[in-house]
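**Student:** Provided herewith is a single structure, encoded as structure tokens, for subsequent inquiry.
Number of protein chains: 2
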Amino acid sequence: MAVAAEDEGRRKRAGGRAGHARRAGTHAIEQMSWRIPQNHDRPTEPMGPDGVLAIHNGAMRILRDIGIRFLNDEALAIFRQAGCKVEGNTVFMDEAFVMEMLGRCPEQFTLTPRNPARALPIGGKALLFGNVSSPPNYWDLETGKVPGFMEGFRSFMKLTQYFNCIHFAGGYPVEPVDVHASVRHLDCLYEKLVLTDKVVHAYSLGAERIEDAMQMVRIAGGMTEEEFRARPHMYTNINSVSPLKHDHPMIDGALRCARAGQAVIVTPFTLAGAMAPVTLSGAVTLSIAEALSAIALIQYAAPGAPCVIGTFTSNVDMKSGAPAFGTPEYMRATQMTGQMARFYKLPLRSSGVCAANVPDGQAMWETSNSLWAAVQSGTHMVYHAAGWLEGGLIASPEKFVMDCEVLQMIQRYMEPATWATTPEDIAIEAIAEVGPEGHYFGCQHTQERYTTAFYAPIASDWRNFEAWQQDGALQTPERAHRIFKAILAEFEPPPMDAGVHEELKEFVARRKAEGGAPTDF
Amino acid sequence: MAVAAEDEGRRKRAGGRAGHARRAGTHAIEQMSWRIPQNHDRPTEPMGPDGVLAIHNGAMRILRDIGIRFLNDEALAIFRQAGCKVEGNTVFMDEAFVMEMLGRCPEQFTLTPRNPARALPIGGKALLFGNVSSPPNYWDLETGKVPGFMEGFRSFMKLTQYFNCIHFAGGYPVEPVDVHASVRHLDCLYEKLVLTDKVVHAYSLGAERIEDAMQMVRIAGGMTEEEFRARPHMYTNINSVSPLKHDHPMIDGALRCARAGQAVIVTPFTLAGAMAPVTLSGAVTLSIAEALSAIALIQYAAPGAPCVIGTFTSNVDMKSGAPAFGTPEYMRATQMTGQMARFYKLPLRSSGVCAANVPDGQAMWETSNSLWAAVQSGTHMVYHAAGWLEGGLIASPEKFVMDCEVLQMIQRYMEPATWATTPEDIAIEAIAEVGPEGHYFGCQHTQERYTTAFYAPIASDWRNFEAWQQDGALQTPERAHRIFKAILAEFEPPPMDAGVHEELKEFVARRKAEGGAPTDF
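Line by line, the protein sequences are chains A and B. Going by UniProt numbering, the first sequence runs without a break in its numbering and finishes at 521. Going by UniProt numbering, the second sequence runs without a break in its numbering and finishes at 521.
Listed below in structure tokens is the structure:
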């Protein structure tokens with residue numbers, strides 16, 4: 001790891017191939033500039049107000065009468081202190097308590113990473129995309145499917161940094177199993193913080209890991225402890241253990257983050273027909289109850305802590321039990337959860353997901369379905385927005401590039417220029433000038449606008465069949481593979497102050513010498 | 001052609017392989033039942049009321065001040081009679097005339113084909129899909145790209161009939177250039193009417209062709225002339241010659257259809273930056289003006305004739321001039337046209353389109369974008385919904401099957417069960433019963449519902465990577481190809497009365513003997 005990081009440093013100092021390419025003015029792709037897309041579409045809301053209330057009332061009944069298990073003694077003590085009924089490790093909370101706690105959540109907040117130019121507003125109309133997170137396996141056209149490895153992890157971090165349409169660096173894009181689990185979080189966070197300057201996520205997998213991550217984010221940002229805690233710079237994502245449970249390390253990490261002023265996303269993983277009811281509103285109700293129980297805990301312990309409600313409700317294939325993603329049921333569940341998030345005034349996280357094993361047609365219709373569901377639901381943070389395959393068991397760089405094409409198109413779709421109706425847009429003068437026999441390409445109105453009038457693709461091939469065939473008949477994943485390799489070749493990490501970099505390396509070295517984190521989870 | 005049709009007859013009488021397969025209870029796929037999906041989503045409306053008015057006012061200025069050329073003397077005479085200013089072949093019409101004519105259009109109507117069970121309500125919430133229409137070329141995994149041929153045409157007609165999610169048989173799915181142009185329309189309509197019992201389209205390519213088509217639809221339905229003219233049984237689609245022109249045969253065919261009580265779709269083909277302004281609202285304004293001018297003509301000539309406004313506004317690639325489809329600009333233009341269609345109270349036609357040359361990832365993100373735009377725009381008839389490639393230059397059976405998966409998912413997405421919130425859906429009792437340690441698969445609530453709870457795919461593979469790999473690692477187009485072949489193997493044409501079939505064959509034979517239609521277009 002240290003060697004790899006120094007390679008980066010050398011390449012940057014020496015210029016090298018990437019530096020040369022940049023000086024020569026060539027780029028792997030002509031991509032869209034960094035921006036915070038604003039979702040201007042009115043959300044798609046399948047349920048009426050009575051449906052929203054039915055889910056709310058159902059969630060409140062679950063929290064009051066059925067209870068949620070917290071496998072975390074600190075959480076149980078906090079709930080007791082708050083006056084909730086606690087029997088064994090099951091907590092019962094009433095609506096008044098839950099709604100009071102939800103009232104403490106900010107509707108919007110800002111995540112500020114080490115590069116303040118990459119600060120992310122969470123909530124409102126902002127629609128943000130993150131890289132694929134947590135697959136154990138790596139797949140590309142050259143290697144096929146292999147277990148996650150650190151160089152693959154680094155490749156994804158480079159893609160995450162390179163693509164302007166990727167706003168935040170989520171969990172590990174692949175789990176690098178070639179690094180020992182006791183120190184993996186140190187190496188991974190180090191690579192993340194050096195290779196990107198975007199908002200990073202840290203896993204809640206035990207006290208040491210999340211505390212190390214917070215220290216490293218603090219050091220990378222050149223902050224004092226006080227500065228770090230003054231506002232959110234990073235976030236963790238916790239999952240409930242559906243049905244009806246929260247486990248120890250996730251809740252522990254969430255409390256640590258929230259008390260340090262950092263953001264927490266609470267995302268139940270409720271597969272309808274498996275760990276949730278087979279009916280979609282039932283699965284959403286369970287998910288909402290589980291999420292609200294954790295957010296209530298966080299708000300009691302750290303009032304006003306930035307929280308996001310996540311949805312990961314999909315269905316299983318009832319023939320095989322395999323999870324399905326990007327299905328019609330997934331889309332409706334996401335939209336319904338969006339309605340509930342607005343009811344509770346919480347920012348929303350959903351995902352860009354598919355069940356396909358390779359980046360083919362199925363992968364793209366499933367991913368398109370899930371990404372459009374994110375848009376339609378009013379989602380603020382889209383997890384796994386680029387690179388996900390096989391229901392989250394594979395991360396693929398080709399899929400990453402292909403998904404970024406779709407994300408860029410969504411960003412362009414959100415530009416008000418696409419529906420503007422000023423007199424210059426309506427263009428009556430140009431229509432009169434061109435008349436019935438002319439062509440618009442040559443007219444002044446077109447010449448003034450054509451370079452920026454339309455979305456310019458990165459991986460799409462819009463040539464006719466013969467031109468495409470003559471150029472090798474490359475299908476989408478092959479084109480994406482070439483783009484991936486070209487990006488790696490020209491990649492340069494974002495600048496980092498030498499003293500900060502040194503401090504970060506020292507922190508990693510010291511914590512490794514101390515043995516890292518326990519691996520008994 | 002006659003031989004091919006008799007083959008069908010023989011196979012049907014003898015049972016044969018297809019009959020055997022059916023008796024044995026095997027099917028190529030387990031598909032969704034026939035239904036008229038209802039679009040329950042509130043349309044996505046990027047423009048405010050001022051934007052709608054800006055386009056309306058722009059269109060009215062074009063019609064009043066710039067004028068539309070009608071390269072059809074009958075149309076010019078009709079406009080003169082209506083009191084419009086006509087200079088040469090340019091017609092100028094004022095808002096009062098246009099709006100009065102639009103007021104004659106039915107907001108909804110029904111198309112009734114030879115099988116009344118396949119009747120289609122046009123307008124309202126109904127969302128209907130048609131097959132790919134008009135590509136000159138055929139592509140499949142075996143043959144590659146070849147010019148259209150009659151057996152390929154027949155294959156697509158079988159897919160059109162087979163798939164319950166395809167509601168109408170649009171134009172020729174491929175142009176069969178192995179049949180002489182003078183008699184092609186006779187053979188094509190014959191095959192269409194024998195191989196399907198769904199609503200058919202007929203091209204407006206000269207008086208003989210459209211009159212022959214109407215006669216054949218009448219005969220296939222066993223109708224008298226009076227019965228045929230009493231209500232719409234078929235439709236034509238006409239395109240303007242953008243900018244600002246309508247040509248002779250299209251207008252002639254539209255008038256013949258409308259006067260015979262049949263439906264007319266008016267679809268300008270306005271590529272922004274080529275034959276329309278580079279700005280999207282400008283391209284939409286031009287498209288609206290061209291469409292309304294033809295609809296006004298039709299309503300003056302045949303008051304109350306069923307009309308549909310079509311959109312085919314997309315953009316070109318400004319580097320190459322190649323048309324692009326399924327782009328963000330395409331989506332917004334479709335949504336904006338939807339707003340205008342509701343403003344004028346006209347049913348809307350849009351399309352399922354892409355620029356990709358093969359059925360890969362790009363094909364599916366572009367097609368998904370255009371199909372979701374159809375949903376979001378409140379489209380009633382989706383042309384080219386299955387099988388389109390290369391910007392309409394290729395029809396592909398694999399793409400047809402893949403698109404039908406997406407169409408079925410949209411149909412499922414529109415089922416109110418996916419967002420129902422009855423107490424049985426919220427499922428509190430099941431959540432209490434399963435508790436925090438159980439699994440939902442075994443519970444009564446699941447057992448009662450699991451067979452119909454979720455969308456069941458036809459071409460998607462939801463197995464994990466290893467199971468998929470062991471089974472041949474087939475990518476989506478390969479799976480779709482197998483399905484295509486299995487459907488051909490088991491296909492049986494819908495029943496047709498022997499006397500009607502005989503009359504249809506006699507009509508075709510007589511018209512062929514008369515020389516068919518002129519080929520000087």
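Virtual Cβ for every residue (Gly too), placed ideally from N, Cα, C.
Could you tell me the distance, in whole angstroms, from the CA atom of Ile394(A) to the CA atom of Ala363(A)?
**Tutor:** Reading the first sequence from its first residue, position 394 is the one you call residue 394(A). Reading the first sequence from its first residue, position 363 is the one you call residue 363(A). Their Cα atoms are separated by approximately 12 Å.
**Student:** What residue from Pro306(A), Val241(A), Asn464(A) has the CA that sits closest to Asp317(B)'s CA?
**Tutor:** Taking the first residue of the second sequence as 1, we reach residue 317(B) at position 317. When only C-alpha atoms are compared, the closest one is Asn464(A).
**Student:** Residues of the segment 296–325 of chain A in Cβ contact with chain B at a cutoff of 7 Å, in chain order, please.
**Tutor:** For the segment 296–325 of chain A, which is checked against every Cβ of chain B, the residues closer than 7 Å are Asn315, Asp317, Met318, Ser320, Ala322, Ala324.
**Student:** Does the segment 409–421 of chain B touch the segment 195–205 of chain B, meaning 3 or more C-beta pairs lie closer than 8 Å?
**Tutor:** The segment 195–205 of chain B vs the segment 409–421 of chain B: no contact.
**Student:** Which runs of the alpha helix (DSSP H) at least 4 residues long sit entirely within the segment 307–388 of chain A? Give them in chain order.
**Tutor:** Segments of the alpha helix (DSSP H) lying fully in the segment 307–388 of chain A: 328–344, 361–377.
**Student:** Apart from the five residues just before and just after Ser33(B), which ones in its own chain have a Cβ nearer than 8 Å to its Cβ?
**Tutor:** What you label residue 33(B) is simply residue 33 of the second sequence in a count that begins at 1. So the qualifying residues of the chain are Asn164.
**Student:** In chain B, which residues lie with their C-beta within 7 Å of the C-beta of Asp425(A)?
**Tutor:** Taking the first sequence and counting its residues from 1, one reaches residue 425(A) at position 425. Neighbours of Asp425(A) on chain B, chain order: Thr279, Ser281, Gly282.
**Student:** Between Gln215(A) and the rest of its own chain, which residues show a CB-CB distance below 8 Å, the 5 nearest in sequence each way excluded?
**Tutor:** As a working note, residue 215(A) is residue 215 in the first sequence. The residues are Phe507.
**Student:** Using the C-alpha atoms, what's the distance from Ser350(A) back to Gln335(A)?
**Tutor:** For the purposes of this step, residue 335(A) is taken as residue 335 along the first sequence, with counting starting at 1. For the purposes of this step, residue 350(A) is taken as residue 350 along the first sequence, with counting starting at 1. For Gln335(A) and Ser350(A), the distance between alpha carbons rounds to 10 Å.
**Student:** On the three-pair Cβ rule with 8 Å, is the segment 135–148 of chain B touching the segment 164–183 of chain B?
**Tutor:** These segments touch.
**Student:** Output needed in chain order: residues of the segment 351–368 of chain B with a Cβ under 9 Å from some Cβ in chain A.
**Tutor:** So the close ones are Ala355, Ala356, Asn357, Val358, Pro359, Asp360, Gly361, Gln362, Ala363, Met364, Trp365, Glu366, Thr367, Ser368.
**Student:** Helix, strand or coil for Gln38(A), going by three-state DSSP, please let me know.
**Tutor:** Translated into the one-based positions of the first sequence, residue 38(A) becomes position 38. Strand, per DSSP.
**Student:** With which residues is Ile288(A) paired in a DSSP beta bridge?
**Tutor:** The residue you call residue 288(A) lines up with position 288 of the first sequence. Paired residue(s): none; Ile288(A) is not in a bridge.
**Student:** Between the C-alpha atoms of Ile426(B) and Ala420(B), what's the straight-line distance to the nearest angstrom?
**Tutor:** For the purposes of this step, residue 426(B) is taken as residue 426 along the second sequence, with counting starting at 1. For the purposes of this step, residue 420(B) is taken as residue 420 along the second sequence, with counting starting at 1. Ile426(B) and Ala420(B): Cα-Cα distance of roughly 9 Å.
**Student:** Excluding sequence positions up to five away, which residues of its chain have a Cβ less than 8 Å from the Cβ of Tyr138(B)?
**Tutor:** Locating residue 138(B) in the second sequence gives position 138, counting from the first residue. These residues qualify, in order along the chain: Lys145, Val146, Pro147, Gly148, Phe149, Gly152, Val174, Ile394, Ala395, Ser396.
**Student:** Taking Arg64(A) as the query, report the chain B residues whose CB atoms sit under 8 Å from its CB, ordered along the chain.
**Tutor:** Within the first sequence, the letter at position 64 stands for residue 64(A). None at all; the shortest Cβ gap to chain B is about 11 Å.
**Student:** Just confirm the distance between the C-beta atoms of Leu389(A) and Cys443(A), as a whole number of angstroms; I'd bet it's less than 8 Å.
**Tutor:** Taking the first residue of the first sequence as position 1, residue 389(A) is located at position 389. Taking the first residue of the first sequence as position 1, residue 443(A) is located at position 443. At roughly 46 Å, the Cβ-Cβ gap does not stay under 8 Å, so Leu389(A) and Cys443(A) are not in contact.
**Student:** Mind checking if Lys145(A) is an interface residue toward chain B, Cβ cutoff 9 Å exclusive?
**Tutor:** Locating residue 145(A) in the first sequence gives position 145, counting from the first residue. It does; some Cβ of chain B falls within 9 Å.
**Student:** Rounded to a whole number of angstroms, what is the C-alpha to C-alpha distance between Tyr383(A) and His380(B)?
**Tutor:** For the purposes of this step, residue 383(A) is taken as the residue at position 383 of the first sequence. For the purposes of this step, residue 380(B) is taken as the residue at position 380 of the second sequence. Taking the straight line from one Cα to the other gives about 34 Å.
**Student:** Going by the DSSP bridge assignment, what does Val91(A) pair with across the sheet?
**Tutor:** Locating residue 91(A) in the first sequence gives position 91, counting from the first residue. Ile68(A), Val86(A), per the DSSP bridge assignment.
**Student:** Find out if the Cβ-Cβ distance for the pair Tyr296(A), Leu102(A) is shorter than 9 Å.
**Tutor:** Indexing the first sequence from 1 puts residue 296(A) at position 296. Indexing the first sequence from 1 puts residue 102(A) at position 102. In the sequence as displayed, the identity of residue 296(A) is Ala instead of Tyr. Yes, Cβ-Cβ distance for Ala296(A) and Leu102(A) is below 9 Å.
**Student:** Taking 9 Å as the CB-CB limit, is His201(B) close to chain A?
**Tutor:** Position 201 of the second sequence, counted from the start, is the residue given in the question as residue 201(B). His201(B) does not count as touching chain A.
**Student:** So, at 6 Å on beta carbons, what are the nonlocal neighbours of Thr110(A) in its own chain, with the 5 sequence-adjacent residues on each side left out?
**Tutor:** Position 110 of the first sequence, counted from the start, is the residue given in the question as residue 110(A). So the qualifying residues of the chain are Ala119, Pro121.
**Student:** Cα separation between Thr285(B) and Gly392(B)?
**Tutor:** Numbered from 1 along the second sequence, position 285 holds the residue referred to as residue 285(B). Numbered from 1 along the second sequence, position 392 holds the residue referred to as residue 392(B). So the alpha carbons of these two residues sit roughly 24 Å apart.
**Student:** At the 9 Å Cβ level, is Gly378(B) part of the contact set with chain A, yes or no?
**Tutor:** Residue numbering aside, residue 378(B) sits at position 378 when the second sequence is read from its first letter. Closer than 9 Å: no.
**Student:** Spell out the partners DSSP gives His201(A) in its beta bridges.
**Tutor:** One-based indexing of the first sequence puts residue 201(A) at position 201. In DSSP, His201(A) forms a bridge with Tyr235(A).
**Student:** Decide yes or no for the touch test of the segment 331–345 of chain A against the segment 464–483 of chain B: beta carbon pairs closer than 8 Å, at least 3 of them.
**Tutor:** The segment 331–345 of chain A vs the segment 464–483 of chain B: no contact.
**Student:** Could you give the residue range of the beta strand (DSSP E) that holds Leu120(B)?
**Tutor:** For this step, residue 120(B) is matched to residue 120 along the second sequence. Note, Leu120(B): beta strand (DSSP E), 120–122.
**Student:** Ordered along the chain, which non-local residues of its own chain (more than five positions away) have a Cβ less than 7 Å from that of Val241(A)?
**Tutor:** Working through the first sequence from its first residue, we reach residue 241(A) at position 241. The residues are Asp247.
**Student:** Can you check which of these residues, Lys158(B), Ile78(B), Thr311(B), is closest to Pro494(B) by C-alpha distance?
**Tutor:** Sequence index remark: in the second sequence, residue 494(B) carries index 494 (1-based). It is Lys158(B) whose Cα lies nearest to the Cα of Pro494(B).
**Student:** Using a Cβ-Cβ distance under 9 Å, would Leu393(A) count as near chain B?
**Tutor:** One-based indexing of the first sequence puts residue 393(A) at position 393. Answer yes: the Cβ-Cβ gap between Leu393(A) and chain B drops below 9 Å somewhere.
**Student:** Measure the C-alpha to C-alpha separation of residue 523(B) and Asp403(B) and round it to an integer number of angstroms.
**Tutor:** The displayed coordinates of chain B run from 1 to 521. Any statement about residue 523(B) would go beyond what the structure contains.
**Student:** Can you give the Cα-Cα distance for Ile431(A) and Ala283(B), rounded to whole angstroms?
**Tutor:** Your numbering for residue 431(A) matches position 431 in the first sequence. Your numbering for residue 283(B) matches position 283 in the second sequence. Between Ile431(A) and Ala283(B), the C-alpha separation is close to 9 Å.
**Student:** Using only alpha-carbon positions, find the residue among Leu76(B), Ile428(B), Glu142(B) that is nearest to Ala54(A).
**Tutor:** For the purposes of this step, residue 54(A) is taken as residue 54 along the first sequence, with counting starting at 1. Considering only alpha carbons, the answer is Ile428(B).
**Student:** Which of the three DSSP states, helix, strand or coil, is assigned to Gly130(B)?
**Tutor:** Here residue 130(B) is taken as the residue at index 130 of the second sequence, counted from 1. Three-state DSSP puts Gly130(B) in a strand.
**Student:** Just the chain B side, please: which residues come within less than 8 Å of Arg332(A) by C-beta, in chain order?
**Tutor:** Locating residue 332(A) in the first sequence gives position 332, where the first residue counts as 1. Near Arg332(A) (Cβ distances below 8 Å), the residues of chain B are Tyr413, Thr418, Trp419.
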